[in-house]
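Under this note's numbering, the first residue of the sequence shown carries the number 412, and numbering increases by one thereafter.
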Amino acid sequence: MEKLQALRQALGSIEREASKFFEKGNQAAGKRARKHLLEARNLCSELRKVIQEQKKELKGTRRTNKAGDGHDSGMGGTSGSEGGSTYRYPY
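Structure (structure tokens):
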């Protein structure tokens, strides 16, 4: 959660500095805004990795669905019910 808090702070800084740049023409604020944008991008990448790791940990302890057949009842779709082949969409 500390990475999320750091991201929130970076976004607040971006908003303040970008406002100074666009509204008042303060070029130094533009430079600071770009610096905070880069920081936010890096924090997003780090947060994404943390979420992915947590997802992998949860996947190992996932329960079966209510039917008890062991199949995931998640968001993945199938490409039809005939033929027995299924395709999980990547999104």
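We treat Cβ as the ideally placed atom computed from N, Cα and C, and that holds for glycine.
Since we're looking at a predicted model, the values are computed, not measured.
Any Cβ of chain C within less than 9 Å of the Cβ of residue i?
| i | result |
| --- | --- |
| isoleucine 425 | Reference to chain C is not applicable here, since this structure consists of a single protein chain. |
Please determine, among the options, the residue with the shortest C-alpha to C-alpha distance to residue i.
| i | options | result |
| --- | --- | --- |
| lysine 446 | Lys466, Met412, Ala429 | Ala429 |
| glutamine 420 | Glu434, Lys431, Ala439, Cys455 | Cys455 |
| methionine 412 | Glu457, Thr472, Glu468, Leu469 | Glu457 |
How many whole angstroms separate the CB atoms of residue i and residue j, which I take to be in contact at a CB cut-off of 8 Å?
| i | j | result |
| --- | --- | --- |
| leucine 415 | alanine 451 | Contact flag wrong, Cβ pair sits at about 12 Å. |
| phenylalanine 432 | glycine 441 | 4 Å |
Taking a contact to mean a Cβ-Cβ separation below 9 Å, would you say residue i touches residue j in this structure?
| i | j | result |
| --- | --- | --- |
| alanine 444 | isoleucine 425 | yes |
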